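Chemist:
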Amino acid sequence: MKTLRLILGDQLNHEHSWFDKKSNDVLYVMAEMRQETDYVKHHIQKVVAFFLSMRNFASHLTDNGHQVRYYKISDKDNLNELTALLSNLISKEKITHFEYQLPDEYRLDVQLKDFCKTLNIESKSFDSEHFYTSRTELAEFFEGKKSLLMESFYREMRKNHNILTVGDLPLGGKWNFDHQNRNKYKEEVPIPFPLQFGTDVSDIVKEIEEQKIKTIGTINSKNFEWPTSRKQSLEVLDYFCEHLLEHFGTYQDALYSGHKYLFHSRISFALNSKMISPKEVIDAVIANFHKNEDAIELSQVEGFVRQILGWREYVRGIYWKEMPEYKTKNGLENTGKLPDYFWTGKTKMKCLQHALSQSLDTAYAHHIQRLMVIGNFTLLTQTHPDEVDEWYLGVYIDAIEWVELPNTRGMSQYADGGIIATKPYVSSGSYINKMSNYCSGCHYNVKEKLTDNACPFNSLYWHFLDEKKEYFANNHRMAMMMSLLKKMKPAELAATKEKAISLMENIENL
0 MKTLRLILGD
10 QLNHEHSWFD
20 KKSNDVLYVM
30 AEMRQETDYV
40 KHHIQKVVAF
50 FLSMRNFASH
60 LTDNGHQVRY
70 YKISDKDNLN
80 ELTALLSNLI
90 SKEKITHFEY
100 QLPDEYRLDV
110 QLKDFCKTLN
120 IESKSFDSEH
130 FYTSRTELAE
140 FFEGKKSLLM
150 ESFYREMRKN
160 HNILTVGDLP
170 LGGKWNFDHQ
180 NRNKYKEEVP
190 IPFPLQFGTD
200 VSDIVKEIEE
210 QKIKTIGTIN
220 SKNFEWPTSR
230 KQSLEVLDYF
240 CEHLLEHFGT
250 YQDALYSGHK
260 YLFHSRISFA
270 LNSKMISPKE
280 VIDAVIANFH
290 KNEDAIELSQ
300 VEGFVRQILG
310 WREYVRGIYW
320 KEMPEYKTKN
330 GLENTGKLPD
340 YFWTGKTKMK
350 CLQHALSQSL
360 DTAYAHHIQR
370 LMVIGNFTLL
380 TQTHPDEVDE
390 WYLGVYIDAI
400 EWVELPNTRG
410 MSQYADGGII
420 ATKPYVSSGS
430 YINKMSNYCS
440 GCHYNVKEKL
450 TDNACPFNSL
460 YWHFLDEKKE
470 YFANNHRMAM
480 MMSLLKKMKP
490 AELAATKEKA
500 ISLMENIENL
């Protein structure tokens with residue numbers, strides 16, 4: 000009996016039970032494939048990060064006595080399509096059993112299920128042993144409930160896993176310290192320099208170029224900063240706990256042009272590729288908190304735990320509950336196109352220029368840059384969610400569809416009609432001015448709405464509310480803004496809409 004086990008590029012879990020025993024009858028297969036590099040145009044740093052992390056993982060398995068067949072993107076015998084590659088290997092190696100870990104992307108799940116139906120050998124799927132929850136746990140939790148409120152799911156997760164609780168009650172007497180996590184950064188606290196690794200990835204970049212894989216963004220191939228091994232991933236986690244956690248919660252929503260990462264952990268790629276697990280991340284953060292309670296406030300820790308235990312598990316559950324229909328939802332019927340500067344960063348809007356340029360330069364932006372700058376702009380300009388999804392999925396190093404799609408199509412673009420977000424996350428320029436230093440020195444004036452140099456967000460915001468008011472008629476969270484919209488003088492509203500329409504017609508010139 001000979002078993003073939005498939006390991007996908009985001010299944011780099013060193014602690015998986017598969018690897019507890021070595022066997023000459025088990026062959027592991029990993030492959031860099033055009034199927035995965037080409038279904039959307041990815042950031043060059045994202046492709047490099049996955050390829051190098053996969054190679055490091057394969058080397059780890061080999062060093063620990065496991066048999067591994069690894070296909071590099073440049074290998075001549077790499078068929079570059081998953082089922083073709085598997086079929087060939089099953090025949091060539093006289094495989095009698097095929098096994099795989101459940102994928103976290105719907106398209107791969109369908110592909111592997113369909114593939115197994117064609118086999119005349121036994122096949123079996125296994126859990127990836129990474130998440131706190133199963134695929135269906137969220138759907139089961141919300142069964143029979145009218146709304147899918149993340150907060151109620153988060154509290155249940157806290158209680159179920161005894162995280163920051165005393166019995167069934169929250170540590171500190173509150174479940175959520177979000178109101179203490181919204182401070183603007185004013186340079187009063189020094190930001191530690193981010194931990195970077197300086198890896199030379201020139202060889203991989205050359206392979207990618209020789210294979211003519213189309214990518215976006217830039218890379219310093221002599222000084223690649225992202226973690227691509229379990230050891231490096233744990234170092235990034237330790238660095239966060241020791242140097243950044245103390246101020247994370249306070250400034251987690253802050254926007255600041257003087258520093259790319261502020262106090263954010265930068266572990267999302269390591270997490271989403273499964274080099275580290277959410278449990279060990281949360282355990283490390285809480286252990287550091289209890290060791291340093293004089294220096295670290297509970298609000299800093301709870302804000303971080305909520306992102307991992309609450310939001311991350313929540314969006315995964317939504318993904319599996321709502322797919323495949325979720326991918327095509329366009330609840331606000333938006334049809335616009337992304338402007339060219341989403342691939343160049345060249346716009347006169349300082350907030351957008353900073354967020355886009357950082358994304359293209361580093362394959363990273365933190366959640367408020369993604370939501371309230373880039374996402375806010377695309378929603379106010381009524382861009383088609385397919386366009387937004389493809390850009391987000393391609394540009395960010397941590398973007399895998401299960402986490403990108405609910406965050407983009409749901410939370411950011413409100414295209415799911417309110418499954419995730421209870422209201423659209425849109426704002427005028429005032430929010431960005433409140434939370435950032437972006438507006439200082441911008442070509443546009445954040446306090447103006449109708450003049451030639453008025454901040455585009457201001458007129459776009461009111462135009463959006465008016466254009467989409469029928470969608471929000473019964474949304475109580477939008478009641479205040481709808482009331483203010485109704486109170487606007489007809490002439491003022493008409494002038495505002497005319498301004499916004501002109502901006503959208505000339506969107507490439509902003």
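Per numbering that gives the first Met the number 0, numbering of the sequence shown is gapless, rising by one per residue and ending at 509.
Where is the CB? At the ideal position from N, CA and C, for every residue including glycine.
Quick caveat: nothing in here was measured; it's all calculated off a predicted structure.
Taking 8 Å as the cut-off, decide whether the C-beta atoms of Asp465 and Leu492 are in contact.
Modeler: Yes.
Chemist: His96 by DSSP, collapsed to three states: which one?
Modeler: Residue state, collapsed to three classes: strand.
Chemist: What do you get for Val46, buried or exposed, if any count of 16 or more other CB atoms within 10 angstroms of its CB means buried?
Modeler: Val46 should be labelled buried.
Chemist: Would you kindly check if the distance between the Cβ of Ile281 and the Cβ of Val595 is under 8 Å?
Modeler: Any answer about residue 595 is impossible in this case: the structure gives the chain only from 0 up to 509.
Chemist: Count the other C-beta atoms from every protein chain shown that fall within 10 angstroms of the C-beta of Asp199, then say buried if there are 16 or more, exposed otherwise.
Modeler: Exposed.
Chemist: Buried or exposed: where does Val109 fall if 16 or more other Cβ atoms within 10 Å of its Cβ makes it buried?
Modeler: Classification of Val109: exposed, given that the 10 Å Cβ count is below 16.
Chemist: In whole angstroms, give me the CA-to-CA distance for Leu51 and His41.
Modeler: So the alpha carbons of these two residues sit roughly 15 Å apart.
Chemist: Would you tell me roughly how many angstroms separate the C-alpha atoms of Glu292 and Thr2, rounded to the nearest one?
Modeler: Their Cα atoms are separated by approximately 50 Å.
Chemist: Can you tell me whether Met503 is helix, strand or coil according to DSSP?
Modeler: In this structure, Met503 counts as helix in the three-state DSSP scheme.
Chemist: Between which residues of its own chain and Phe130 is the CB-CB distance below 7 Å, once the five residues before and five after are set aside?
Modeler: If we look at Phe130 and ignore the five residues flanking it on each side, its Cβ neighbours are Pro277, Glu312 and Arg315.
Chemist: Where DSSP assigns a beta bridge to Ser124, which residues make up the other side?
Modeler: In the DSSP output, where bridge partners are listed per residue, Ser124 has Tyr99.
Chemist: Thinking C-alpha only, which one of Glu14, Ser16, Thr61 and Asp37 is nearest Val28?
Modeler: For Val28, the nearest C-alpha among the options comes from Thr61.
Chemist: Output needed for His242: all residues of its chain with C-beta closer than 7 Å, excluding positions within five of it in sequence on either side, in chain order.
Modeler: Excluding positions up to five away in sequence, the list reads Pro191.
Chemist: The alpha helix (DSSP H) that contains Thr377, what's its start and end?
Modeler: Unbroken alpha helix (DSSP H) run through Thr377: Asn375 to Leu379.
Chemist: On the three-state DSSP scale, how would you describe Pro169?
Modeler: Here Pro169 sits in strand by DSSP.
Chemist: Based on Cα-Cα distance, which residue from Trp319, Met410 and Ala420 lies nearest to Leu101?
Modeler: The candidate whose alpha carbon is nearest that of Leu101 is Trp319.
Chemist: Alpha carbon to alpha carbon, how far is Glu35 from Glu104? Give it in angstroms, no decimals.
Modeler: Their Cα atoms are separated by approximately 12 Å.
Chemist: From Phe471 to Thr382, what does the alpha carbon distance come to, in whole angstroms?
Modeler: Straight-line Cα distance between these residues: approximately 18 Å.
Chemist: In chain order, which alpha helix (DSSP H) runs of at least 4 residues are fully inside the segment 373–434?
Modeler: Taking only runs of at least 4 residues, the alpha helix (DSSP H) segments lying wholly in the segment 373–434 are 375–379, 384–394, 400–404 and 428–434.
Chemist: Assuming Val304 is part of the alpha helix (DSSP H), what are its boundary residues?
Modeler: Leu297 to Val304 is the span of the alpha helix (DSSP H), which, as asked, contains Val304.
Chemist: Can you tell me whether Asp252 is buried or exposed? The criterion is at least 16 other CB atoms within 10 Å of its CB, across all chains shown.
Modeler: Answer is buried; the Cβ neighbour count reaches 16.
Chemist: For the 8 Å Cβ check, are there 3 or more pairs between the segment 209–220 and the segment 247–263?
Modeler: Flag = no, the segment 209–220 and the segment 247–263 do not touch.
Chemist: Among Lys21, Ala453, His442 and Leu261, which one has its Cα closest to the Cα of Pro193?
Modeler: Among Lys21, Ala453, His442 and Leu261, the Cα nearest to that of Pro193 belongs to Leu261.
Chemist: Using only the alpha-carbon positions, how far apart do Glu301 and Ser356 sit?
Modeler: Going by the C-alpha atoms only, they are around 31 Å apart.
Chemist: Mind checking who Asn457 pairs with in its DSSP beta bridge?
Modeler: Answer is none; Asn457 lacks a bridge partner.
Chemist: Rounded to whole angstroms, what is the Cα-Cα separation between Gly166 and Asn333?
Modeler: The straight-line gap from Cα to Cα measures roughly 47 Å.
Chemist: Using C-beta distances below 7 Å, list every residue in its chain close to Asp339, excluding the 5 sequence neighbours before and after it, in chain order.
Modeler: Excluding residues within five positions, the ones whose Cβ falls inside 7 Å are Glu507.
Chemist: Does the separation of the CB atoms of Lys347 and His462 fall below 8 Å?
Modeler: No, the Cβ-Cβ distance between Lys347 and His462 is not below 8 Å.
Chemist: I need the boundaries of the alpha helix (DSSP H) containing Val204, first residue and last residue.
Modeler: Note, Val204: alpha helix (DSSP H), Ser201 to Glu209.
Chemist: Can you look up Phe192 in the DSSP assignment and give me helix, strand or coil?
Modeler: Phe192: coil per DSSP, three-state reduction.
Chemist: According to the neighbour-count rule (16 or more other Cβ atoms, all chains shown, within 10 Å of its Cβ), is Ala83 buried or exposed?
Modeler: With fewer than 16 Cβ atoms within 10 Å of its Cβ, Ala83 is classed as exposed.
Chemist: Does DSSP put Tyr27 in a helix, a strand or coil?
Modeler: Tyr27 falls in the strand class under three-state DSSP.
Chemist: Compute the Euclidean distance between the alpha carbons of Ser16 and Ser127, then round it to the nearest angstrom.
Modeler: The alpha-carbon atoms of Ser16 and Ser127 are separated by roughly 9 Å.
Chemist: Report the CB separation of Val425 from Asn375 in whole angstroms; it is logged as a contact under 8 Å.
Modeler: 6 Å between Cβ atoms; contact.
Chemist: Quick check: the segment 111–122 against the segment 138–150, are at least 3 beta-carbon pairs closer than 8 Å?
Modeler: Not touching, per the Cβ criterion.
Chemist: Whose C-beta lies closer than 7 Å to the C-beta of Tyr184 among residues of the same chain, with five residues either side of it excluded?
Modeler: Within the same chain, Tyr184 has close Cβ partners Tyr250, Ala253, Tyr255 and Leu261.
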